[in-house]
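In what follows, a structure is listed as structure tokens, so that the remarks can point back to it.
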Amino acid sequence: MVKKTEVLQEVVIKFAGDSGDGMQLTGSQFTNNTALLGIDLATFPDFPAEIRAPQGTLPGVSGYQLRFSSDMVYTPGDECDVLVAMNAAALKVNLKALKKGGRIIANTDGFDVKNLRLANYPDGINPLEDDSLGSYEVIKMDVTKMTREALKDITMGTKEKDRAKNMFVLGFLYWMYNRSMDNTIQFIEEKFGKKPEISESNVRVLKAGYNYGDTTEAFGTTYTVAKARMEGGTYRSIMGNQALAYGLIAFSQKSGLPIFLGSYPITPASDILHELSRHKSFGVRTFQAEDEIAGISAAIGAAYGGSLGVTTTSGPGMALKTEAMGLAVMLEIPLVIIDVQRGGPSTGLPTKTEQSDLLQAYYGRNGECPMPVVAASSPHDCFDAVYEACRISTQHMTPVILLSDGYIANGAEPWRFPQTADLPEVPVRFKKELDEGEEKFQPYTRDERLVRPWVVPGTAALEHRIGGIEKQNITGNVSYDPENHQLMVKIREEKVEKIADDIPEQQLDSGPEKGKLLVLGWGSTYGVIKSAVAELQAKGYKVSHAQIRYLRPFPKNLGDIIQNFEQVLIPEINNGQLIKIIRDRYFVDAKGYNKIMGIPITKGELTEVMKKMLVQRVEG
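Using the working numbering, the first residue of the sequence shown is number 141, and each one after it goes up by one.
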């Protein structure tokens, strides 16, 4: 049989199964393979909210969506072309996200009576055997049986053999999309080098899946996606948390400041700690604290001692850190607080994404406690955003909050390695001696930017102490004077506002400078806004897009940009947080589009919202 190859512009695949089925590993390996080919991509790992949910149940379904294309990609896609369903629950949860006419690859072993019952299918109903999937192409494979067959001469328990079944599916998809298995084989051999039996079983099953596609006559077509036109350079697949870690290391190397990370592991920020701990050769020190308060307090001590102090957390953890954050504001020391946001309130939805903490970053501390806030907008942007947060923190002697979220923290995309020479210079100045005419060191003297000096404790003639009670201006002594308290509050606020002189002016991402509609975004809504706006612009609609990185202070010209538009739309994965701040600051009747489901906004739904606003304005 002669098989043919069809060239596609883009494909969206959704891997779905139990949280123990290895769907995240399968998806990440296909992602790495795609990135190595120079194809643009975006991913959305969707973890179950219950980490230990019972096998086969709807709450226990783990998903990994990957979109890859020969064009530029900004979202993981609204609907998938291919759904890999390892069991009945995975099919039931994800079928609504599959395009009509799309392909279902189903592991028939996951559709037995027990699995069907756990997925809440009525007795006697099996979607693989009735006509309910007639509008889809269904590929039925007993993945479990074929995995066991491939490993029949390996001395392992059945349970251990079944753990490799995700590799069978991955191998089959490598065949379907004309991919080499070499990089995945290398990964397996490196990961399980000390466990040769596990390594061999995974490689063998991977090859079995590939050969199944290659030798089965029912499959007559394979597919390819061409390389995307991207800027020249060396690329790799990177997740947001990895990019945050590398951005910190890059800043440390460029500035000469050692990194100290004080952190308590918390979903979805834990991988920053794990990644940084691997790079002690760069002078990184990581401290896994016993709780959130200990983590940030240690980082404050490190910053006071002349290091780049960093602490990582999520929303519930930042709530616990707030007293220490207030201390850092009062001490006026550099400190970077990385908040990888998740669904709330309280402990909320640890594995689900949400832009939950902007108001907490703005207002969530005792008293008047202003802190700069910077937001990353994509996995690769995490590198630049955290680098900039470090720059602001060290140049202006202030703690800075860096906002990421679960969507971009665990999502992946191609990232071009930056060149050291292209990174912004960050001159870090420690005060090492008394200035001419200075008789005594005063820790709260300030320059024209209202920035106090950074002195390493123990420096001769510059001895000083700090604490958590209000400071007297200039001297830093404890002060209960009401006029001084008001003065210090105003100075700290003005210092943060002056940072606006040291950040770029706001630019439009696309669209005319004046018009009918401005879509204003922050954080992880970047990709979907960019895609939706581009689609409407191509159809002749007058719509523009601006993405805010600097949330506090805002760029100096942001208000002018907003005033140039008849309508402002602010999409957010929350109940409306930026919109409150924008309305308060600029007195504009902005409209919100809010989704609080633990999943990103889709391009389709946002496009419809924008169309309605534009049509209503025309009709009005």
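Think of the CB as a built atom: it goes at the ideal place given N, C-alpha and C, for glycine as much as any other residue.
Beta-bridge partners assigned by DSSP to C220: L238. If only uninterrupted alpha helix (DSSP H) runs of at least 4 residues are considered, those enclosed by the stretch 687-716 are 698-703. If one requires a minimum length of 3 residues, the beta strand (DSSP E) runs lying completely within the stretch 619-664 are 655-662, in chain order.
Using a Cβ distance threshold of 7 Å, A225 and K280 do not count as a contacting pair. DSSP places H685 in the strand class (E or B) of the three-state scheme. With contacts defined by Cβ atoms closer than 7 Å, F170 and M163 do not form a contacting pair. Around the CB of Q647, fewer than 16 other CB atoms lie within 10 Å, so the residue is classed as exposed. Note on R725: under 16 other CB atoms within 10 angstroms of its CB, so exposed under the neighbour-count rule. By the neighbour-count criterion, in which 16 or more other beta carbons inside 10 Å mark a residue as buried, M370 falls on the exposed side. Scanning the stretch 258-339 for uninterrupted beta strand (DSSP E) segments of 3 residues or longer gives 277-281, listed from N- to C-terminal end. Between S533 and V476, the CB-CB gap stays under 7 Å. Here A383 really is in contact with C522; their C-beta atoms are around 4 Å apart, less than 8 Å. Using a 10 angstroms sphere on the CB of I701, the tally of other CB atoms reaches 16 or more, which defines it as buried.
Here the alpha carbons of A464 and N506 stand approximately 10 Å from one another.
For P583, no beta strand (DSSP E) segment is defined, and its DSSP state is neither H nor E.
Around the C-beta of M212, fewer than 16 other C-beta atoms lie within 10 Å, and the residue is accordingly described as exposed. Boundaries of the alpha helix (DSSP H) around S437: E432 to Y444. Out of A175, Y214, A182 and L231, the CA that lies nearest to the CA of D158 is found in L231.
Going by DSSP, S210 is part of no beta strand (DSSP E) at all; its letter is neither H nor E. Judged by DSSP in its simplified three-state form, M465 adopts helix. Counting only the Cα atoms, V591 lies some 54 Å from I325.
G402 sits close to A439, with the two beta carbons spaced by under 7 Å. Put simply, the backbone Cα of I741 is about 51 Å away from that of T615. Taken through DSSP and simplified to helix, strand or coil, T493 comes out as coil. Remark: C-beta atoms of F251 and A229 do not approach each other more closely than 7 Å.
Checking the DSSP bridge columns, you'll see G402 partnered with F427. Among the bridge pairs identified by DSSP, A225 is matched with A156 and A246. Rounded to the nearest whole angstrom, the C-alpha separation of T453 and Y620 is 33 Å. Under the three-state reduction of DSSP, P199 is assigned to helix. Below 8 Å, too few C-beta pairs join the stretch 562-576 and the stretch 488-503 to call them touching: fewer than three. Distances from the alpha-carbon of V526 to those of V618, L658, G663 and E330 put G663 closest.
Proximity to K240 across L258, G274 and L460 peaks at G274, based on C-alpha coordinates. In this structure L709 is in contact with M753, their Cβ atoms being roughly 6 Å apart against a cut-off of 8 Å. Scanning its chain for C-beta atoms nearer than 7 Å, with the 5 sequence neighbours on each side dropped, one finds around R723 the residues A730, in chain order. Put simply, the backbone Cα of A561 is about 16 Å away from that of G372. Boundaries of the alpha helix (DSSP H) around S533: D521 to H536.
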